[in-house]
Amino acid sequence: MSMPKVLLDYSAAVALLEEAAMDLRELRPNEVLAAVTHWLQAQGQTPPYCDDGLVERWRIALQSNTAHDGGQGQGRYSTGSPLELNVSTASIPFPPPPKDEFTFSDLFAGIGGFRLALQGLGGRCVFACEWNKSAKVTYFRNFGIVPYGDIKQFTGQEISDDEIDNLIPYHDILTAGFPCQPFSLAGMPARNHFGIETGLNGSQGDAFFDLMRIATVKKPRALFLENVRNIFSIDHGNTFSTIRHSIEEELGYEFHYAIIDSSAMVPQRRKRLYIVALREASNQFEFPEFANRQLPLRSILQDEVPEKYTISDKLWASHIMRSERNRARGTGFTVKVAKVEEPSPTIVARYGKDGKECLIAQEGRNPRKLTPLECARLQGFPDSFVRADSDTASYRQFGNSVPVPVIERIGQNIIKTLRKQTAVKGIAEMALSTGREDIDYLRARVLRWGRQNFNHFPWRSVKNPWHALAAEIMLQRTKADQVLPVFMGFAAKYREPADFVARPTPLFSRLGLPIRDDQFLALNRTITIVGLPNEKAKLLELPGVGDYVASAFLSLHLEKRAGLIDANTVRVYGRFFGFETDPETRRKRWLVDLAEEITPIRVFRDYNYAIIDFSREICTPRKPQHEMCPLRRKCRYLQNVVDKRR
Ligand code: SF4
Numbered sequence: 053m054s055m056p057k058v059l060l061d062y063s064a065a066v067a068l069l070e071e072a073a074m075d076l077r078e079l080r081p082n083e084v085l086a087a088v089t090h091w092l093q094a095q096g097q098t099p100p101y102c103d104d105g106l107v108e109r110w111r112i113a114l115q116s117n118t119a120h121d122g123g124q125g126q127g128r129y130s131t132g133s134p135l136e137l138n139v140s141t142a143s144i145p146f147p148p149p150p151k152d153e154f155t156f157s158d159l160f161a162g163i164g165g166f167r168l169a170l171q172g173l174g175g176r177c178v179f180a181c182e183w184n185k186s187a188k189v190t191y192f193r194n195f196g197i198v199p200y201g202d203i204k205q206f207t208g209q210e211i212s213d214d215e216i217d218n219l220i221p222y223h224d225i226l227t228a229g230f231p232c233q234p235f236s237l238a239g240m241p242a243r244n245h246f247g248i249e250t251g252l253n254g255s256q257g258d259a260f261f262d263l264m265r266i267a268t269v270k271k272p273r274a275l276f277l278e279n280v281r282n283i284f285s286i287d288h289g290n291t292f293s294t295i296r297h298s299i300e301e302e303l304g305y306e307f308h309y310a311i312i313d314s315s316a317m318v319p320q321r322r323k324r325l326y327i328v329a330l331r332e333a334s335n336q337f338e339f340p341e342f343a344n345r346q347l348p349l350r351s352i353l354q355d356e357v358p359e360k361y362t363i364s365d366k367l368w369a370s371h372i373m374r375s376e377r378n379r380a381r382g383t384g385f386t387v388k389v390a391k392v393e394e395p396s397p398t399i400v401a402r403y404g405k406d407g408k409e410c411l412i413a414q415e416g417r418n419p420r421k422l423t424p425l426e427c428a429r430l431q432g433f434p435d436s437f438v439r440a441d442s443d444t445a446s447y448r449q450f451g452n453s454v455p456v457p458v459i460e461r462i463g464q465n466i467i468k469t470l471r472k473q474t475a476v477k478g479i480a481e482m483a484l485s486t487g488r489e490d491i492d493y494l495r496a497r498v499l500r501w502g503r504q505n506f507n508h509f510p511w512r513s514v515k516n517p518w519h520a521l522a523a524e525i526m527l528q529r530t531k532a533d534q535v536l537p538v539f540m541g542f543a544a545k546y547r548e549p550a551d552f553v554a555r556p557t558p559l560f561s562r563l564g565l566p567i568r569d570d571q572f573l574a575l576n577r578t579i580t581i582v583g584l585p586n587e588k589a590k591l592l593e594l595p596g597v598g599d600y601v602a603s604a605f606l607s608l609h610l611e612k613r614a615g616l617i618d619a620n621t622v623r624v625y626g627r628f629f630g631f632e633t634d635p636e637t638r639r640k641r642w643l644v645d646l647a648e649e650i651t652p653i654r655v656f657r658d659y660n661y662a663i664i665d666f667s668r669e670i671c672t673p674r675k676p677q678h679e680m681c682p683l684r685r686k687c688r689y690l691q692n693v694v695d696k697r698r
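As numbered in the working numbering, residues 53 to 698 make up the sequence shown, in order.
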């Protein structure tokens, strides 16, 4: 008989893990809850500032506090990891989807408007970031995740690309309603008055460059951004041009944008700029068409509203006075009660202060402000969304938010496009789009292992590229210690291909591969005529140079990124991801795509050295060192084959 299942309550799990995070508390006291909650919702990953030891302690702490019968209980997280732990999601109002189709990051997350929409479409958020303390509390209450604080801790000048790559998990879609105060019409006059810079060089405008840095390193499949429409006109259009140029030219993404008024989806006129950028250019994305309708404000008004929302005689008198003065001058705001049969004007962060943007007429009384619940509805949040304790914070949070249904509609089209691209590109993309976290995990761990165990072979530091090419040819199917004396003699004797052509020696016979001696001579004859190519297509035309040697030569010696595929690397990938690795597989396009995807953008040289050494020292053909392997926690071969044999 199976044991009864015991699910640990989510908040109890958070408290338990917080308790078991002593080192982290000393190192990053403000980010302990962020790390704990991010890990709880994505247990396959090591969150920022955590290491494998801490994660292991957390796992043990949870395991020893839960008992289960191995069933698939409701409210259980699907982490994509066989190490799922039984933690109940029942207390989270908007938990992650039980099975996710894609992953996303939530930058400048606010109270989670993007998250609410994309979770509903089957997305799992793997990284959230928000500096405002009260917004973070609201976010946690609704999604069970505490966002990390200031984004600069991940993107500051002192942080290398490599560190960003390790800190932030891969995500399919990067979302950001990046700070818009420097651009907004409402915020501009005061800012200009006080000499605060506007546009991308303003203190918050450079947030755009923070998200660009993350996009450059993590290469998500899509960017989904929101901002005020005023971004078009600021600085004579230079701000928008800079954004477009950065995304299109520097990042190389296909760029789409639209100004959309939310009033077809929520009863609020809120015109915003939406940008969608796609890593794979396919011209398949289109913004959704919205119905030609305007929802009435009346549809979201509460029947009974507490008296405290009725504005005071003093405030009403001051509104009227300012309106009359402004009318006489022909500028500025004039107060008027809202027409409830039409959408409301745009709700802004400061709405709660005096409600002047949208006052509701009341029979025999001064008009009233909208309630926080009504503001939530104007942005498309469900009534079950847990609001901040104070009205002031609620007004500010909803005023700063994105209209959720608009995000959802655009999100649907992004997902459709990504699905189409996946179908077009075939099985590799399918493997990639469902295994991004695993790719991230493998890349980070192999890279770290490689740096700690780097082998200083002489061919890794040669200055002569021809020597380097010769070494890569020798290393094919031959062990490094066998190559070492042959290579040293060769490099000492020959300085250029013409030397070798004039006085050839049978190098490869000494390595047990006599057939290659003729090939190597032919290769050198060709190089003396055409020179040493620095492009893959030309390298592949040389006698005896195949895909692996060309890619290794380019990435290890010429600083050109290329993924490596040979029997050794494919063995590691096959074992880790759980696919067959017969010679036929190695010719498949999707495997090439997979290797390209795993290889980091900037530190590809380090990674390629790491995977070469790792495949020869840890994940060896006959006696893989499972116990010492940094990939063991997620390795399919270990879980599906080795562990079952034990
Ligand atoms: S756990 Fe074993 S099989 Fe899996 S990658 Fe590591 S060494 Fe290879």
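Backbone N, C-alpha and C fix where the C-beta goes; we use that ideal spot for every residue, glycine too. Quick caveat, the model's predicted, so the values are computed rather than measured.
With a threshold of 16 other CB atoms inside 10 Å of the CB of residue i, please say whether the residue is buried or exposed.
{"i": "residue 290", "result": "exposed"}
{"i": "residue 224", "result": "buried"}
{"i": "residue 507", "result": "exposed"}
{"i": "residue 541", "result": "exposed"}
{"i": "residue 79", "result": "exposed"}
{"i": "residue 505", "result": "exposed"}
{"i": "residue 609", "result": "buried"}
{"i": "residue 273", "result": "buried"}
{"i": "residue 297", "result": "exposed"}
{"i": "residue 311", "result": "exposed"}
{"i": "residue 104", "result": "exposed"}
{"i": "residue 209", "result": "exposed"}
{"i": "residue 383", "result": "exposed"}
{"i": "residue 74", "result": "exposed"}
{"i": "residue 115", "result": "exposed"}
{"i": "residue 467", "result": "buried"}
{"i": "residue 158", "result": "buried"}
{"i": "residue 607", "result": "buried"}
Here's a check: name, in chain order, each residue in its chain whose Cβ is nearer than 7 Å to the Cβ of residue i, leaving out the five neighbours to either side.
{"i": "residue 162", "result": "182, 187, 229, 449, 452 and 453"}
{"i": "residue 472", "result": "336"}
{"i": "residue 423", "result": "354, 357 and 361"}
Going along the chain, which residues of its own chain have a beta-carbon closer than 8 Å to the beta-carbon of residue i, five neighbours each way excluded?
{"i": "residue 348", "result": "319, 392, 393, 394 and 395"}
{"i": "residue 340", "result": "461, 462, 464 and 465"}
{"i": "residue 414", "result": "362 and 420"}
{"i": "residue 68", "result": "60, 113, 114 and 117"}
{"i": "residue 536", "result": "509 and 510"}
Whose C-beta lies closer than 6 Å to the C-beta of residue i among residues of the same chain, with five residues either side of it excluded?
{"i": "residue 575", "result": "594, 595 and 596"}
{"i": "residue 670", "result": "677 and 681"}
{"i": "residue 523", "result": "511 and 539"}
{"i": "residue 586", "result": "610"}
What first and last residue would you give for the alpha helix (DSSP H) that runs through residue i?
{"i": "residue 535", "result": "532 to 545"}
{"i": "residue 629", "result": "619 to 629"}
{"i": "residue 70", "result": "62 to 71"}
{"i": "residue 325", "result": "Segment 323 to 330 is the beta strand (DSSP E) holding residue 325; no alpha helix (DSSP H) there."}
{"i": "residue 570", "result": "567 to 582"}
{"i": "residue 666", "result": "656 to 669"}
{"i": "residue 158", "result": "That residue, residue 158, is in no alpha helix (DSSP H); its beta strand (DSSP E) goes 154 to 159."}
{"i": "residue 90", "result": "84 to 93"}
{"i": "residue 74", "result": "74 to 79"}
{"i": "residue 650", "result": "641 to 650"}
{"i": "residue 601", "result": "599 to 609"}
{"i": "residue 105", "result": "104 to 115"}
{"i": "residue 525", "result": "517 to 527"}
{"i": "residue 553", "result": "549 to 554"}
{"i": "residue 591", "result": "588 to 591"}
Over the uninterrupted beta strand (DSSP E) stretch that includes residue i, give me the two end residues.
{"i": "residue 559", "result": "It is not in any beta strand (DSSP E) - residue 559 carries neither H nor E in the DSSP assignment."}
Original post:
Quick one: complete beta strand (DSSP E) runs, 3+ long, within the region 161 to 235?
Top reply: 175 to 180 and 225 to 228
Original post:
Can you list every residue whose CB sits closer than 6 Å to some heavy atom of the ligand SF4, going in chain order?
Top reply: This criterion selects 624, 627, 628, 670, 671, 676, 677, 678, 681, 683, 684, 687, 689 and 690.
Original post:
Taking the runs of the alpha helix (DSSP H) that are 4 residues or longer, which of them lie wholly in the region 270 to 307?
Top reply: 290 to 297
**OP:** Output the residue ranges of the alpha helix (DSSP H) runs that lie fully inside the region 317 to 401 and measure 4 residues or longer, sorted by chain position.
**Re:** Entirely contained in the region 317 to 401, the alpha helix (DSSP H) runs reaching 4 residues are, in chain order, 365 to 381.
Original post:
Whole alpha helix (DSSP H) runs in the region 395 to 455 with 4 or more residues, listed along the chain?
Top reply: 403 to 406, 424 to 430 and 443 to 451
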